Each structure stands twice: as C-alpha cells, then as structure tokens.
Amino acid sequence: MTTLKVGSTRSLLRAVYDQPSVIVSLATIFFIALISAFSPLLFPNPDEIDASNRLLPPSPEHWFGTDELGRELVARMAHAGQLTLVIALGAMALSIILGVLWGMLAGSHGWIEEVLMRTADAIMAVPMILFALVFVAAFGSSPEVLIVILGILKAPLVARVTRASTMVELASDYARGLAVIGLSKGRILFAEILPNVFPVIVAVATLNIASAIMIEAALSFIGLGVQPPLASWGTLLKIGYSLIYQAWWYALIPAIAITIVIAAFNDVGKWLERYLDRRVA
Amino acid sequence: MDKPVLQVRELRIGLRDDSAVNLVHGVNFDIARGERVGLVGESGSGKSLLSLSIMGLQPTAIEVRSGSIRVSDHEVVGQNEKYLDTLRGRTMSMIYQDPMSSLNPVRSVGNQIVEAIRAHDSGSRAVARRVAIDLLGSVGVRDPHRTVDNYPHEFSGGMRQRVMIAMAISCEPKLLLADEPTTALDVTTQAKIIELLDDLVDQRGMSVIFVTHDIALAASFCSRIDVMREGEIVETQPTAKLVAAPRHPYTNALLAAICTFDTDPNRPLLSPIVDTGTEGGNSA
Amino acid sequence: MIEPIVEVEGLVKDFGKVRAVDDVSFSIMPGETFGLVGESGSGKSTIAAMLLCLETPTAGSINFDGTRIDTLSPRKLLRYRRRMQLVMQDPIASLNRSKTIEQIIGLPLSVHESLTGDSRRNRVLELLDMVALPGSLLGRYPHELSGGQCQRVSIARSLAVSPSFLVLDEAVSAVDVLTQAQILNLLKALQKEFGLTYLFVSHDLAVVRYMCSRIAVMRGGKILEISEREQVFSSSAHPYTQELVAASPASLAAAVQDHRKEKS
Chain A
543 MTTLKVGSTR SLLRAVYDQP SVIVSLATIF FIALISAFSP LLFPNPDEID
593 ASNRLLPPSP EHWFGTDELG RELVARMAHA GQLTLVIALG AMALSIILGV
643 LWGMLAGSHG WIEEVLMRTA DAIMAVPMIL FALVFVAAFG SSPEVLIVIL
693 GILKAPLVAR VTRASTMVEL ASDYARGLAV IGLSKGRILF AEILPNVFPV
743 IVAVATLNIA SAIMIEAALS FIGLGVQPPL ASWGTLLKIG YSLIYQAWWY
793 ALIPAIAITI VIAAFNDVGK WLERYLDRRV A
Chain X
5 MDKPVLQVRE LRIGLRDDSA VNLVHGVNFD IARGERVGLV GESGSGKSLL
55 SLSIMGLQPT AIEVRSGSIR VSDHEVVGQN EKYLDTLRGR TMSMIYQDPM
105 SSLNPVRSVG NQIVEAIRAH DSGSRAVARR VAIDLLGSVG VRDPHRTVDN
155 YPHEFSGGMR QRVMIAMAIS CEPKLLLADE PTTALDVTTQ AKIIELLDDL
205 VDQRGMSVIF VTHDIALAAS FCSRIDVMRE GEIVETQPTA KLVAAPRHPY
255 TNALLAAICT FDTDPNRPLL SPIVDTGTEG GNSA
Chain R
25 MIEPIVEVEG LVKDFGKVRA VDDVSFSIMP GETFGLVGES GSGKSTIAAM
75 LLCLETPTAG SINFDGTRID TLSPRKLLRY RRRMQLVMQD PIASLNRSKT
125 IEQIIGLPLS VHESLTGDSR RNRVLELLDM VALPGSLLGR YPHELSGGQC
175 QRVSIARSLA VSPSFLVLDE AVSAVDVLTQ AQILNLLKAL QKEFGLTYLF
225 VSHDLAVVRY MCSRIAVMRG GKILEISERE QVFSSSAHPY TQELVAASPA
275 SLAAAVQDHR KEKS
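Chains as they are written, first to last, in my numbering: chain A, 543 to 823; chain X, 5 to 288; chain R, 25 to 288.
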C-alpha cells in the first residue's frame with residue numbers, strides 16, 4: 543500500500559479548515575485570558591465603591607454597568623475572570639497529574655487495575671454537587687480546596703483515557719523491543735510510553751477546563767464555591783440573580799461570559815480530539 | 005477482434021490537496037478478454053492506487069487528474085457514484101488482502117452474497133440464496149448449505165478469502181482486480197487460493213489484474229507482467245519472456261533480488277552496480 | 025568440544041487450554057544461522073518470545089551460554105539481555121514514534137553502558153555507519169524514514185551493546201524485495217564481521233534456505249525435523265516440509281511454467 547507523507551502543517555491546516563470555529567474559539571479564549579491576566583493593570587480598583595452610582599445599566603461610561611455598591615461591573619468581571627480561570631486551570635492540572643499516574647499504573651499492572659478503576663468508577667458515580675458539599679463541609683471553600691475538589695472529580699476521566707491508551711501502547715511492537723533491551727517497567731512507562739499517550743490527554747484536559755468552569759460556577763452559585771470578598775463569575779452570577787428584577791445585566795453578563803468560555807474550550811477540546819485522532823490513525 | 009476489457013490511457017493520479025505531488029504519471033495499458041496481467045511493484049509504486057482508481061475506489065485524499073479508464077467500453081473517470089455502482093460487481097469486481105475489511109462482521113456471509121447479487125439482479129431472495137450456496141460450493145467452502153448462514157469470524161483466514169472471492173464473482177464480472185489477495189495467508193493456503201482463482205478465472209473467462217509485490221507469485225498466475233516503479237510502468241512483457249530476459253534494469257534488479265531455491269547461499273543477493281532507485285529518494 | 029550458545033530442552037507453553045509449544049528441544053551453535061520455519065500457529069513466534077524471556081515457559085528449560093535463563097530474577101536477567109537482542113517484523117511499528125533515531129539507537133547504550141551526550145552520539149553514529157545509514161538521520165523520526173531504513177535502525181539498535189545472539193523474527197517479511205535483499209546481505213556481512221549467532225524465524229522458505237545452515241520445521245507446536253540445509257530442501261525431507269517447499273511462490277512459478285509448456 544502506498545503511504546502518503548502528508549506534511550504536518552498541511553494536516554493542521556486541513557483540520558482547521560474542517561472546523562473553522564476553532565479559530566474563533568481560540569481567539570476568544572486568548573482574549574479573555576489576556577484581559578483576566580492583566581486585570582490588575584487594566585482595572586486597578588475593582589472595589590472602588592461609588593454609592594451614588596449604584597446599579598446603573600450598561601452605558602458608554604460604565605461598560606457593564608455597576609453593581610449594588612457602585613463598583614464597575616466590567617472591572618469586577620475581569621478580576622473574577624482571573625479567579626475563575628485560575629481555579630479551572632489548577633483543577634485541570636491536578637486532574638492530569640492524578641489521572642495520568644492513576645491510568646498508567648492501572649494500564650500496566652494487572653493486579654492493581656481492578657482496584658484503581660473501580661475507585662474511578664465510584665468517584666464518577668457520585669453526583670458532583672454532593673461530592674463538593676461533603677468536601678466543602680470538611681475543608682472549607684477556599685480556592686485551593688476548590689481546585690482539589692475539581693481536580694479529584696475530573697481525574698477519573700483522565701485515568702480512564704490514559705489507561706486505555708497505555709494498554710494499546712504496551713501491546714505494540716516497540717514496547718516489546720523495549721522489554722528486550724532491558725528497560726525497567728517504570729522507565730518504559732514514563733520515558734517511552736507517556737509521550738505517545740499524551741496527545742490523547744491534551745484533548746481531555748481541554749474539555750476538563752470547560753467542565754471545571756461550569757462546576758465551579760454552579761458551586762459558587764449555590765454558595766458552596768468561592769466566598770466573598772473573593773469573586774468568581776459564579777459568585778457574580780449568584781448576586782446578579784438575586785437582583786435580577788432591578789438589574790437584568792448583572793446576571794446576564796456573567797452568564798454569557800461563562801457560556802462563551804465553556805463553549806470555546808469545548809470547541810477547542812473537540813477539535814484537538816479530532817486532529818490528534820487523525821494524526822495517530 | 006474483441007474490444008479490450010480494460011483500456012487505460014494517459015492516467016495521471018495525484019494528491020487532491022497538493023497539485024505538485026503526482027503518484028501515477030501517465031500510465032497506458034490494455035487488458036484483453038481472458039487475459040491475466042500481473043501488476044508488480046514495490047510499495048509506493050502506485051500499483052494499488054491504480055487498481056483502486058479503476059474501480060473508482062481511490063481514497064478521498066487522492067484524485068484522478070487526467071486520462072481515461074474504459075472498462076468494457078464504459079468510461080470510469082469523472083463518473084458519479086451511482087453510475088460506478090452499476091459497473092461495480094457486474095462489470096468489474098475486486099478482492100483485497102484483508103477479507104475482514106470487506107466482509108461485514110455482523111451479517112452472515114450468505115446475506116452478504118445475496119445482497120451483492122440483488123444489487124444487480126432483481127430476482128427473488130430465494131433464487132439469490134440458491135446462487136449464493138452454489139457459489140460457496142464452487143469456491144471450495146465446505147458444507148455450503150449450512151455454512152451459508154455463518155458469520156465471517158466463524159471462518160478461517162483462507163475460507164474467508166474464498167467467501168470474498170465468491171462475493172466478488174457473484175455477478176459474473178468481466179474484470180477481476182485482485183490486490184495482494186494472498187499476502188496475509190500461509191504459504192500452503194496461498195497456493196490453494198491461487199489454484200482456485202486459476203480454475204474460476206478459466207471457467208468464467210474473466211480478465212484479471214493481479215496486483216502484488218511478489219514477482220514470483222505473479223509469474224505463477226499471470227500470462228503477462230507489467231512492472232511498476234514510482235508511478236510508471238517500466239516494462240510489460242509476457243511472463244515467460246520477462247522472467248527469462250527482462251529488458252529494464254529495474255526488472256532485472258527485482259528478479260535478481262528474489263530468493264529462489266536455486267539461489268547460491270554463498271553469494272550476496274544484489275549486484276551492487278545496479279541502480280535500483282528507492283522509495284522516497286532515500287536509500288533503503 | 026564447542027558448546028551451544030542456546031540450548032532449549034523440553035520447552036512447553038500453554039495459553040490457557042491451548043498448547044502453543046509442545047515439547048520442543050534444540051540447540052544453536054555459536055556463529056551459525058539457525059532457521060525456525062512454520063506457518064501461523066506453528067509456535068515459532070512463541071519460541072522466539074520465550075528465548076528472549078518475554079514469555080515464561082510452562083515447562084522445560086532455556087540455557088544461554090551455559091546458564092539457565094528462564095528462571096533468573098529480573099536483575100540477573102538484565103546482564104544477559106545485552107547479549108541477546110531482537111529485530112521484529114514491522115519496521116516502523118518496532119520503533120517508538122515519538123523518539124528520534126538517535127534516542128532510539130542510543131537507548132540501550134544508556135541502559136547498559138550509562139553513555140550520555142557526545143560519547144553516546146558518537147557511538148550511535150558508528151552504529152549507523154555499520155548499517156550503511158547516513159548520520160543525517162540522527163534527528164529524524166521513524167515515520168520520516170522508509171521501511172527499509174527503519175529496519176536498519178532496528179538492526180543498529182540491536183547491535184548497540186555488542187550482543188552475541190540475535191533473534192530475527194520475520195525481520196524481512198514486511199519489506200519490499202529489493203530492500204529485503206539489501207538487508208539480508210547486511211545481516212550476512214555483520215555476522216561475518218562480529219561473529220554473531222542468528223535465530224532466523226520465517227515463513228518464507230526460499231529466504232530461509234539462503235540464510236540458514238540448519239533449519240527446524242514446526243507445525244502445531246511441535247518440531248517435525250531439524251536438518252542441514254541440503255537435507256531440508258531435498259526429497260528426503262519430511263513430507264510436510266516438502267509440501268511447504270512446493271507451495272512456495274518460487275516453486276509455484278516454476279511449476280506453472282512447466283504446466284503451461286506441457287499444455288501448449
């Protein structure tokens with residue numbers, strides 16, 4: 543059979559051509575990340591109270607309007623965005639570190655596999671809110687704890703994907719060759735197999751960010767997540783919801799922001815899945 | 005004089021996304037009725053692409069740039085799927101290296117052969133089923149009345165290949181394309197399948213294109229051999245002449261390189277002087 | 025008396041209820057190329073796997089250079105691993121696609137000789153030279169090379185720590201004829217230069233005849249005969265062996281030519 547050596551740039555462009563929305567999504571993410579990261583510079587005083595300007599609707603002077611204490615909502619959104627993204631990224635990182643170790647061990651050691659994977663199933667079976675509730679009740683709800691909760695919630699999914707991929711790689715010819723060379727099992731796993739497993743994980747990780755944002759927003763919305771004086775988009779949504787009849791924009795803007803960012807990460811995640819799948823195939 | 009069963013003229017095939025990459029460069033050849041032609045070449049020579057393009061089954065990343073392919077005087081290039089479907093099975097048919105990829109694992113083999121028959125023949129299911137059973141018998145499947153309802157995985161590799169052959173000849177095509185049909189089989193099974201093809205092709209007066217990298221295998225089955233290299237046919241001769249007195253240095257190199265039971269174990273295999281050319285511009 | 029380098033006694037391997045290898049015994053002498061022939065399911069690949077300690081025998085023993093290796097602890101086995109290496113059938117799949125050629129060939133060097141950096145690179149270049157590959161391939165990845173080149177990389181890697189015994193498991197079955205010829209020539213040259221012993225596992229009898237001086241023919245997990253080359257390809261060979269020879273494409277071609285001549 544003829545093998546075609548398609549340049550990797552060409553296959554990249556083709557993949558983008560097949561799903562052009564990924565450019566919009568990446569731009570959106572980049573834009574929001576940039577604003578959030580530079581929020582202290584762009585909006586230096588988010589907590590500047592201005593009692594005479596309470597609950598003003600969006601206008602050229604107040605882009606997102608003002609909140610119940612007269613603070614600029616645009617400034618609050620930018621700063622809150624930073625916290626939202628940091629928590630989501632932290633959770634994603636934790637889920638990868640835990641999940642990869644978990645999955646690689648399960649995929650390579652028959653005896654431990656059952657234990658590890660049943661634990662993964664158990665965690666995935668518990669409703670997220672319940673899980674969070676228990677954790678928060680025990681450890682409080684600082685951003686660090688939230689990162690741990692979300693990381694643990696998402697790790698089983700990473701573990702499953704990693705395990706499957708690890709098993710496929712271990713069954714391949716080159717893995718046999720490595721055993722004959724005399725490489726230790728650990729070295730085979732982490733130095734040789736892991737780089738081949740990683741592409742699959744990147745896609746899952748991106749999708750994890752999206753769901754971490756959503757869960758954090760949900761938790762904050764019901765009061766279990768980020769607590770004042772800290773603010774995430776979820777908490778802003780919560781406050782906005784309570785004021786929805788006086789200030790329709792206060793709930794709408796965080797809601798739109800959350801939706802857009804989740805959609806963007808999902809889009810990129812799905813594109814990565816398809817692109818990487820194509821390269822491996 | 006009979007019109008040739010297959011007429012290929014100035015066929016150029018390349019990558020759809022990149023007009024600079026050409027995989028087949030202006031190939032010309034004819035196949036007469038009942039003729040068996042071996043299309044021999046190494047990987048990357050374009051032989052598989054050529055046979056797939058004749059069936060109109062080239063991968064989506066590949067396109068026929070120019071030229072003509074006439075099967076039984078029907079033009080294939082540039083036709084839509086619907087038209088090609090009327091040709092496939094009835095006028096030309098194909099068997100592959102891996103029978104599992106052309107047999108549906110969740111349907112019985114009888115069902116699949118019947119489906120193939122009824123695609124071109126509006127007879128009743130019962131009649132088609134009887135034809136299917138006969139076909140299975142004629143390709144050497146044991147106890148066809150019972151095994152016609154078996155699933156592909158219930159057959160051994162050699163048997164699956166026979167089933168695939170049965171399916172391919174069910175509508176009495178005039179041209180049969182065989183793309184490495186025995187490469188994945190054991191030597192003894194391979195010999196039996198070749199024997200089967202030999203009988204079937206003679207009985208039904210089919211023309212065959214036998215695509216393979218194994219020139220000895222092609223020599224055992226084909227009356228004429230076309231040698232392909234990097235998208236071109238570099239030599240075409242009747243088998244006996246080609247094996248005894250090859251004209252092109254590449255053919256010479258191929259013949260010199262194969263191990264036969266007369267090869268001297270004490271001498272190196274290739275003459276180092278011959279420029280063999282190699283895949284992708286890098287030496288093997 | 026020269027001792028065999030590999031000695032296999034009463035080897036048995038069961039996979040559940042299936043007996044893949046049934047009481048197999050043979051020995052391989054240093055410097056020879058020993059052929060292991062059979063069709064699929066004959067057990068030849070399983071034997072190769074057991075010799076390399078990738079599978080544990082259900083029964084029987086494997087001796088390498090006088091020492092029993094099938095019962096060694098992983099740590100002790102490591103010392104023997106550098107003396108026996110493997111070249112597999114699929115050239116590209118047998119190399120790690122995310123590693124460069126330098127990393128691939130250099131890996132055994134870092135495992136067994138703790139070589140790094142420049143000294144490792146120099147040794148890798150030497151090895152590439154041994155298999156007639158250019159040094160420019162160091163930074164490339166397997167998918168950028170042809171099948172033949174990948175197989176040479178595999179050979180170079182297997183020679184990295186100077187083994188004495190090489191298992192060639194259908195090593196030329198998945199490459200084109202011209203490449204096959206070049207690799208077989210290379211293997212013979214390397215054997216002469218380094219005094220290597222080969223176990224040549226294959227289903228292609230003509231190639232086995234070219235490479236091997238002694239050949240074992242297997243079917244259904246058992247060895248049917250072990251003979252010198254001349255014997256195996258003569259009419260005094262085991263009937264099954266003769267069947268295999270007759271079914272080979274090389275024989276088929278000759279038979280059909282004769283048949284056609286008779287017909288016409």
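Note that the Cβ used here is the ideal one computed from N, Cα and C, for glycine as well.
Quick caveat: nothing in here was measured; it's all calculated off a predicted structure.
For a contact defined as C-beta to C-beta under 7 Å, what are the partners of D114(R) on chain A?
If you number the third sequence from 1, residue 114(R) lands on position 90. Those within 7 Å of D114(R) in chain A are D715.
Under a Cβ-count criterion, where at least 16 other Cβ atoms within 10 Å of its own Cβ denotes burial, should F580(A) be classed as buried or exposed?
Translated into the one-based positions of the first sequence, residue 580(A) becomes position 38. Burial call: exposed.
Partners in chain R for V191(X), counting only beta-carbon separations shorter than 7 Å
Numbered from its first residue, the second sequence carries residue 191(X) at position 187. By Cβ distance, chain R contributes E63, H227, L268, A271 and S272.
Where R166(X) and V145(X) are concerned, what is the direct C-alpha to C-alpha distance, given to the nearest angstrom?
One-based indexing of the second sequence puts residue 166(X) at position 162. One-based indexing of the second sequence puts residue 145(X) at position 141. Their backbone Cα atoms lie some 7 Å apart in a straight line.
For V110(X), the nearest candidate out of I197(X), H157(X) and L91(X) (CA to CA):
Your numbering for residue 110(X) matches position 106 in the second sequence. Closest option to V110(X), Cα to Cα, is H157(X).
For L778(A), I'd like the list of residues in its chain whose CB is within less than 6 Å of its CB, leaving aside the five on either flank, ordered along the chain.
In the first sequence, residue 778(A) corresponds to position 236, counting from 1. Same-chain partners within the cutoff: A622 and P796.
So, is K727(A) buried or exposed, given that buried needs 16 or more other C-beta atoms within 10 angstroms?
By 1-based counting over the first sequence, the position of residue 727(A) is 185. Exposed, because fewer than 16 other Cβ atoms sit within 10 Å of the Cβ of K727(A).
Inter-residue Cα distance where the pair is I654(A) and M646(A):
Position 112 of the first sequence, counted from the start, is the residue given in the question as residue 654(A). Position 104 of the first sequence, counted from the start, is the residue given in the question as residue 646(A). Between I654(A) and M646(A), the C-alpha separation is close to 11 Å.
Kindly identify the DSSP beta-bridge partner or partners of Y222(R).
Your numbering for residue 222(R) matches position 198 in the third sequence. Answer by DSSP bridge pairing, in chain order: T57(R) and L190(R).
Tell whether a beta-carbon distance below 8 Å holds between S105(X) and Y155(X).
If you number the second sequence from 1, residue 105(X) lands on position 101. If you number the second sequence from 1, residue 155(X) lands on position 151. No. Outside cutoff.
8 Å is my cut-off, CB to CB: does L249(X) come that close to chain R?
On the second sequence, residue 249(X) is found 245 positions in, with the first residue counted as 1. Reading off the sequence shown, one finds Ala at residue 249(X), where the question assumed Leu. No, because no Cβ of chain R sits closer than 8 Å to the Cβ of A249(X).
Can you list, in chain order, the residues of its chain with a C-beta nearer than 7 Å to that of D89(R)? Leave out the 5 residues immediately preceding and following it.
Here residue 89(R) refers to the residue found at position 65 of the third sequence. Only I29 meet the Cβ criterion.
Reference W644(A); option with closest CA among I694(A), D715(A) and L720(A):
As a position in the first sequence, residue 644(A) is number 102, starting the count at 1. Here the closest residue by C-alpha is I694(A).
To test your reading of the DSSP string, which unbroken beta strand (DSSP E) runs of 3 or more residues are found completely within the region 98-149 of chain X?
none
Cβ of E33(R) less than 8 Å from any chain X Cβ?
As a first step, residue 33(R) is located in the third sequence; it is residue number 9 there, counting from the start. Cβ-Cβ to chain X under 8 Å: no for E33(R).
Can you name, in chain order, every residue of its own chain whose Cβ lies under 8 Å from the Cβ of G549(A), other than the five neighbours on each side?
To locate residue 549(A), count along the first sequence from 1; it is residue 7. With a pLDDT of 48 at G549(A), under the threshold of 50, the modelled position of that residue is not reliable, and no figure is offered here.
Pull up the CB-CB distance for V36(R) and T70(R), whole angstroms please, since I reckon it's below 8 Å.
Here residue 36(R) corresponds to residue number 12 of the third sequence, with the count starting at 1. Here residue 70(R) corresponds to residue number 46 of the third sequence, with the count starting at 1. That pair is no contact at about 10 Å.
Near D102(X), what residues of its chain come up, given a Cβ to Cβ distance below 7 Å and the 5 sequence neighbours on each side ignored?
Here residue 102(X) is taken as the residue at index 98 of the second sequence, counted from 1. For D102(X), where only same-chain residues beyond five positions count, the Cβ hits under 7 Å are A188.
Are three or more beta carbon pairs between the region 203-214 of chain R and the region 126-139 of chain R nearer than 8 Å?
no
Using Cβ-Cβ distances below 7 Å, what residues of the region 695-728 of chain A are close to chain R?
S714, D715, Y716, R718, G719, A721, V722, I723, G724 and L725
Does DSSP put I14(R) in a helix, in a strand, or in coil?
With chain R covering 25 to 288 only, the question about residue 14(R) has no answer from this structure.
Considering only their Cβ atoms, is the gap separating V28(X) from I35(X) smaller than 8 Å?
For the purposes of this step, residue 35(X) is taken as residue 31 along the second sequence, with counting starting at 1. For the purposes of this step, residue 28(X) is taken as residue 24 along the second sequence, with counting starting at 1. Not closer than 8 Å, so no.
Contacting residues, own chain, Cβ-Cβ under 7 Å from I137(X) (five flanking each side not counted)
The count along the second sequence starts at 1 and reaches residue 137(X) at position 133. These residues qualify, in order along the chain: P148, H149 and V152.
If contacts are defined as beta-carbon pairs under 8 Å, then T95(X) and V68(X) qualify, I think. What distance do you get, rounded to the angstrom?
Position 91 of the second sequence, counted from the start, is the residue given in the question as residue 95(X). Position 64 of the second sequence, counted from the start, is the residue given in the question as residue 68(X). About 18 Å separates the two Cβ atoms, so there is no contact after all.
Buried or exposed by the 16-neighbour rule on C-beta atoms within 10 Å, applied to M25(R):
Taking the third sequence and counting its residues from 1, the one referred to as residue 25(R) is at position 1. So M25(R) counts as exposed.
Is the separation between the beta-carbon of S275(R) and that of F214(X) shorter than 8 Å?
Taking the first residue of the third sequence as position 1, residue 275(R) is located at position 251. Taking the first residue of the second sequence as position 1, residue 214(X) is located at position 210. No, the Cβ-Cβ distance between S275(R) and F214(X) is not below 8 Å.
Should D125(X) be flagged as near chain R, meaning a C-beta pair shorter than 8 Å?
Position 121 of the second sequence, counted from the first residue, corresponds to residue 125(X). Taking Cβ atoms only, chain R never reaches closer than 8 Å to D125(X), which makes this a no.
Min CB distance P737(A) to chain R below 8 Å
Within the first sequence, numbered from 1, the residue matching residue 737(A) stands at position 195. Closer than 8 Å: yes.
Can L91(X) and D230(X) be called in contact, C-beta distance under 8 Å?
Residue 91(X) sits at position 87 when you count from the first residue of the second sequence. Residue 230(X) sits at position 226 when you count from the first residue of the second sequence. For L91(X) and D230(X), no; Cβs fall outside 8 Å.
Mind pulling the chain R residues with CB within less than 7 Å of I198(X)?
As a position in the second sequence, residue 198(X) is number 194, starting the count at 1. Near I198(X) (Cβ distances below 7 Å), the residues of chain R are L276.
Proximal residues of chain X, C-beta to C-beta of R238(R) below 8 Å
On the third sequence, position 214 is the one that residue 238(R) refers to. Correct list: empty, because the minimum Cβ distance to chain X is about 12 Å.
Skipping 5 residues on each side, what residues in its chain have a beta carbon closer than 6 Å to that of A593(A)?
As a working note, residue 593(A) is residue 51 in the first sequence. Once the five neighbours on either side are set aside, the close Cβ partners of A593(A) are G612.
Every unbroken beta strand (DSSP E) inside the region 23-104 of chain X [3 residues or more]
26-35, 40-44, 66-75 and 96-99
So, under 8 Å CB-CB, R103(R) and S188(R) are touching, yes? Tell me the CB distance rounded to an integer number of Å.
In the third sequence, residue 103(R) corresponds to position 79, counting from 1. In the third sequence, residue 188(R) corresponds to position 164, counting from 1. Contact flag wrong, Cβ pair sits at about 13 Å.
In three-state DSSP terms, what is K37(R)?
As a first step, residue 37(R) must be located in the third sequence, where it is residue number 13. K37(R): strand per DSSP, three-state reduction.
Near C236(R), what residues of its chain come up, given a Cβ to Cβ distance below 7 Å and the 5 sequence neighbours on each side ignored?
Walking along the third sequence from the start, residue 236(R) turns up at place 212. So the qualifying residues of the chain are T57, F58, G59, F224 and R253.
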